[in-house]
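Only one structure is covered here, and it is reproduced in the block below.
Put into C-alpha cells, the structure is as follows:
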C-alpha cells in the first residue's frame with residue numbers, strides 16, 4: 007500500500023507544516039537531557055535533488071554545496087553523510103565540512119559498503135585500491151569483501167578512517183554507522199565480524215553504532231530481542247533503534263533500547279510499505295513518507311524513556327524525499343523540547 011495523502015502530501019504542504027512549527031536553530035536543537043547529556047536531531051541527507059529543488063527547503067540563492075551546508079547547519083546540529091556508503095570519503099572534503107559548519111555541529115557517516123559486507127562499484131574505489139585488486143576482481147563491475155584480499159581490505163579501512171581525521175580532531179565526528187544488510191543474519195561468524203569492525207574503528211578513536219536489518223536478530227519473541235540487546239551491551243556497542251515498515255525480512259521492530267552509555271541512535275526511515283523491499287526503486291522514493299503528529303508522539307514517549315541512559319542521543323530522519331525529513335526533524339525537535347521542559351519543571355517541583 008502506498009502512503010496516503012497525509013503521509014505524502016507534497017513539498018508545499020510539508021513546508022507549511024515546518025513553517026507552522028516555527029523552525030529550529032542549533033542553540034535550541036541541542037537539547038539537554040535530565041542526566042546532563044545531549045540530544046541532537048537532524049536528517050540523513052542535505053544534498054538530494056528533491057531537497058535542493060527551488061522552494062523546497064533551501065532559500066533562494068543557496069545554490070552551491072557550501073551555501074547549502076552552511077544553511078542546513080544553521081537549522082540543525084546533526085547530519086548523516088549517506089554518500090560515504092557509496093564511495094570512500096576524502097580528507098579534503100571532510101576538512102571543507104569542518105570549515106563550513108558551526109563549532110558544535112556533528113557529522114555521522116555511513117560506513118563504506120565493503121566495511122559491512124556489501125558490494126562496492128569498482129569504479130568508485132580510489133585508484134590505489136583498484137590497482138591493488140587481483141585481476142579477476144578488478145575486471146568486475148562490483149566486488150564483495152570475499153573478492154578482496156585482506157591487505158586490500160586493510161587499505162579500505164585505513165583510507166576511510168584517515169579521511170575522518172579533520173572531523174575527529176575538530177570534535178565534529180559523531181559516529182560511523184555500521185549498517186548491515188538483510189543477509190547479515192545471526193551467527194557466530196557474523197557476530198565476530200561485527201565485533202572486529204567496531205574494534206577497527208575504536209583503535210582509531212572513532213565511535214560507531216550498529217544497525218541490523220534482518221528480523222532474525224529479534225524474531226517474534228521478546229527473549230530473542232533481549233538476547234541481541236544483551237550481547238550488544240556486553241560489547242558496549244551502540245544499538246541503532248529503527249522505525250520502518252513491519253512484516254518484511256528486513257523489518258526491525260520499533261524497540262527503544264540503549265546498549266552503550268556513550269551513545270544512542272534512532273533512525274526514522276518512514277513507513278512506506280510499497281517501496282521498502284521493492285527492486286529498482288530509487289533510494290529517495292523508498293523513504294518517501296511524512297510522519298504525522300501521532301507517529302512522532304509515539305517515538306517521543308519512547309525517546310523520553312531511554313534518553314537518559316546515554317551521554318548523547320542522535321535522532322536522524324532518513325525519510326529524505328524533498329523536505330519530509332527536515333519537516334519531521336523540526337517537528338520532533340519542538341516535541342522533545344516540550345518534553346525536556348516538562349521534565350525540568352517536574353524536577354523543580356520535586357526539589358525541597
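Numbering (our numbering), first residue to last: 7 to 358. Just so you know, even glycine gets a beta-carbon here, dropped at the ideal spot from N, CA and C.
- Task: Give the straight-line distance between the Cα atoms of residue 162 and residue 118, rounded to the nearest whole angstrom.
- Result: Near 9 Å, if we compare the C-alpha coordinates of residue 118 and residue 162.
- Query: What number of angstroms, rounded off, separates the C-alpha of residue 363 from the C-alpha of residue 306?
  - Reply: The requested residue 363 does not occur in the structure, where the chain is confined to residues 7 to 358.
- Query: Does the beta carbon of residue 20 sit closer than 8 Å to a beta carbon anywhere in chain C?
  - Reply: The structure shown has no chain C; it contains just one protein chain.
- Just list the beta strand (DSSP E) runs in the region 220-260, keeping only unbroken ones of 3 residues or longer that don't cross its boundaries, in chain order. 246-249
- Query: If residue 244 sits next to residue 269, beta carbons under 8 Å apart, how far is it from one beta carbon to the other, in whole angstroms?
  - Reply: Rounded, the Cβ-Cβ distance is 4 Å, consistent with contact.
- Outcome for residue 81 when other beta-carbon atoms lying within 10 angstroms are tallied against a minimum of 16: buried
- Backbone CA spacing between residue 319 and residue 298 [nearest angstrom]: 22 Å
- Near residue 292, what residues of its chain come up, given a Cβ to Cβ distance below 6 Å and the 5 sequence neighbours on each side ignored? 281
- Message: What ranges does the beta strand (DSSP E) occupy inside the region 149-233, keeping only unbroken runs of at least 3 residues that lie completely in it?
- Response: 179-185, 214-217
- Task: Rounded to whole angstroms, what's the CA-CA distance from residue 224 to residue 75? Just pull it up for me.
- Result: 37 Å
- Query: By Cβ distance below 8 Å, which residues in the same chain neighbour residue 311 in space, the five residues on each side in sequence not counted?
  - Reply: 262
- Item | N-terminal and C-terminal residue of the alpha helix (DSSP H) that residue 104 is part of | 97-105
- Query: Straight-line CA distance for residue 182 to residue 39?
  - Reply: 23 Å
- Message: So residue 60 and residue 77 are supposed to be a Cβ contact under 8 Å. How far apart are they, rounded?
- Response: Not really, about 14 Å apart at Cβ, beyond 8 Å.
- Task: Measure from the alpha carbon of residue 23 to the alpha carbon of each residue in 51, 63, 56, then state which is nearest.
- Result: Selected option, being the one with the closest Cα: 63.
- Do you know how far the Cα of residue 322 is from the Cα of residue 304? 16 Å
- Message: Need the endpoints of the beta strand (DSSP E) that residue 116 sits in, please.
- Response: 112-116
- Item | Supposed contact pair residue 112 and residue 46 - C-beta distance, whole angstroms, cut 8 Å | 6 Å
- Task: Measure from the alpha carbon of residue 241 to the alpha carbon of each residue in 208, 70, 97, then state which is nearest.
- Result: 208
- Could you check what DSSP says for residue 48 in three-state terms: helix, strand or coil? strand
- Message: Given this structure, state the Cα-to-Cα distance separating residue 12 from residue 150, to the nearest angstrom.
- Response: Cα to Cα, the separation comes out at about 40 Å.
- Residue environment, residue 17, which counts as buried when at least 16 other CB atoms sit within 10 Å: It is buried - the Cβ of residue 17 has at least 16 other Cβ atoms within 10 Å.
- Query: Cβ atoms of residue 128 and residue 359: under 8 Å apart, would you say?
  - Reply: Because the chain in this structure spans residues 7 to 358, residue 359 falls outside the shown range and cannot be described.
- Message: Please report the distance separating the alpha-carbon of residue 354 from that of residue 341.
- Response: Low per-residue confidence applies at residue 354: pLDDT is 49, beneath 50, and the placement is therefore not dependable enough to give any value.
- What first and last residue would you give for the beta strand (DSSP E) that runs through residue 264? Run containing residue 264: none; DSSP gives neither H nor E here.
- Item | For residue 345, three-class secondary structure by DSSP | helix
- Item | Outcome for residue 194 when other beta-carbon atoms lying within 10 angstroms are tallied against a minimum of 16 | Per the 10 Å Cβ criterion, exposed.
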